[in-house]
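Note that numbering that gives the first Met the number 0 has the sequence shown beginning at 0, numbered continuously upward.
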Amino acid sequence: MTTPRSRARPRRGFTLIEVMIAMVILSGVVLSIAVGTTKLQRAVGDANVRSRAFARADQVIGLARTWPAWSTLEQLAGARYNPSSDGFTSTTTVTADTTGGRRIKRLEVTVRAVPSTLMPLPVRRSISITAP
0 MTTPRSRARP
10 RRGFTLIEVM
20 IAMVILSGVV
30 LSIAVGTTKL
40 QRAVGDANVR
50 SRAFARADQV
60 IGLARTWPAW
70 STLEQLAGAR
80 YNPSSDGFTS
90 TTTVTADTTG
100 GRRIKRLEVT
110 VRAVPSTLMP
120 LPVRRSISIT
130 AP
């Protein structure tokens with residue numbers, strides 16, 4: 000006769016090794032999700048800053064398009080529009096090209112973030128405006 004202790008019992012639960020392996024795998028998955036989420040948040044933040052900088056440059060370009068007189072377009076270069084209220088500084092340059100009888104002015108807007116760590120490379124927009 001066999002005693003109750005020597006009978007093979009069906010296995011219940013997991014061994015300690017199996018639980019530890021499952022924990023390591025689960026930790027790796029959770030860590031990779033956290034890293035991915037952090038990178039995504041950083042990318043969205045960078046895109047937001049660049050989008051606002053492009054909007055700032057487009058605002059000055061729009062102002063140049065509606066400027067009343069071609070001959071006074073250089074006044075845009077010295078003007079300051081919300082110099083740093085939105086975290087950006089903008090520089091506007093106007094260069095005239097009158098060679099060969101052409102009457103073209105090129106306006107370039109450069110927008111930088113303050114501090115520059117938010118957006119290391121400046122945003123540049125330009126437009127060419129011909130005399131009427």
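All C-beta atoms in this analysis are idealised placements derived from N, C-alpha and C, irrespective of residue type, glycine included. For clarity, every value in this text was computed on a predicted model and none was experimentally measured.
Exercise. Mapping DSSP to helix, strand and coil, what is residue 98?
Worked result: Stepping through the sequence shown from its first residue, residue 98 is reached at position 99. Note: residue 98 maps to helix in three-state DSSP.
Exercise. If residue 66 sits next to residue 131, beta carbons under 8 Å apart, how far is it from one beta carbon to the other, in whole angstroms?
Worked result: Start at 1 with the first residue of the sequence shown, and residue 66 comes out as number 67. Start at 1 with the first residue of the sequence shown, and residue 131 comes out as number 132. That pair is no contact at about 12 Å.
Problem set entry | Cβ-Cβ separation, residue 110 to residue 122 (assumed contact under 8 Å), whole Å | Locating residue 122 in the sequence shown gives position 123, counting from the first residue. Locating residue 110 in the sequence shown gives position 111, counting from the first residue. Right, their Cβ atoms sit about 5 Å apart.
Problem set entry | Under 8 Å between C-beta atoms of residue 76 and residue 97 | For the purposes of this step, residue 76 is taken as residue 77 along the sequence shown, with counting starting at 1. For the purposes of this step, residue 97 is taken as residue 98 along the sequence shown, with counting starting at 1. The answer is no: Cβ separation not under 8 Å.
For this session: Please name the residue in 118, 89 and 37 whose C-alpha comes closest to that of residue 57.
Result: In the sequence shown, the residue the question calls residue 57 occupies position 58. Taking only the C-alpha atoms, the option nearest residue 57 is 89.
Exercise. Is the Cβ-Cβ distance between residue 55 and residue 87 less than 8 Å?
Worked result: Working through the sequence shown from its first residue, we reach residue 55 at position 56. Working through the sequence shown from its first residue, we reach residue 87 at position 88. Between residue 55 and residue 87, the CB-CB gap stays under 8 Å.
Problem set entry | Rounded separation between residue 99 and residue 59 - CA only | Start at 1 with the first residue of the sequence shown, and residue 99 comes out as number 100. Start at 1 with the first residue of the sequence shown, and residue 59 comes out as number 60. Whole-angstrom Cα-Cα distance: 29 Å.
Exercise. What residue range is occupied by the uninterrupted alpha helix (DSSP H) comprising residue 112?
Worked result: On the sequence shown, residue 112 is found 113 positions in, with the first residue counted as 1. Looking at the DSSP string, residue 112 is not in any alpha helix (DSSP H); the run it does join, the beta strand (DSSP E), is 103-112.
For this session: Please name the residue or residues paired with residue 87 in a DSSP beta bridge.
Result: If you number the sequence shown from 1, residue 87 lands on position 88. Its beta-bridge partners are 112.
Problem set entry | Buried versus exposed, by CB contacts within 10 Å (16 or more), residue 29 | For the purposes of this step, residue 29 is taken as residue 30 along the sequence shown, with counting starting at 1. The residue in question, residue 29, is exposed, as its Cβ has fewer than 16 Cβ neighbours within 10 Å.
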